[in-house]
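In my numbering, the protein residues as written are 1036 to 1165.
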């Protein structure tokens, strides 16, 4: 087993262990963190002209955003959940464009949006974290 493979396996076990005991609020935070991590990997891959890795990272980010979107409760969340769903659609569309056009600035745009969403989520009052 090479070092890269060992690190990847460790990360998977670490994430799995963290997720098992996490609250729903924390799980959403972890998904947002995962999206940001994949976007950073995609940007680094663009810079290094690693096309396959860029595509994989963008694909993972799209999947995570899809998971966040799928977890929205539009009945309970009302307009906020609907607007978040629309924003997630926009982010996926922009990520597809970033991949096709090999455009780092679009990755930065989507990262900025996710950071804003995550900031609101992180600062949610405890009474709403269930």
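By construction, the Cβ of each residue, glycine as well, lies at the ideal position given by its N, Cα and C atoms.
Does residue 1135 pass the burial test, meaning 16 or more other C-beta atoms within 10 Å, or should it be called exposed?
exposed
Same chain, Cβ closer than 8 angstroms to residue 1114, five either side skipped, listed in chain order:
none
From 1064, 1127, 1140, residue whose alpha carbon lies closest to that of residue 1098:
1127
Is it buried or exposed for residue 1149, if we count other Cβ within 10 angstroms and need 16 for buried?
buried
Reference residue 1060, options 1088, 1107, 1087, 1078, closest by Cα
1107
Measuring straight from C-alpha to C-alpha, what distance separates residue 1063 and residue 1081?
27 angstroms
For residue 1104 versus residue 1125, is the C-beta spacing smaller than 8 angstroms?
no
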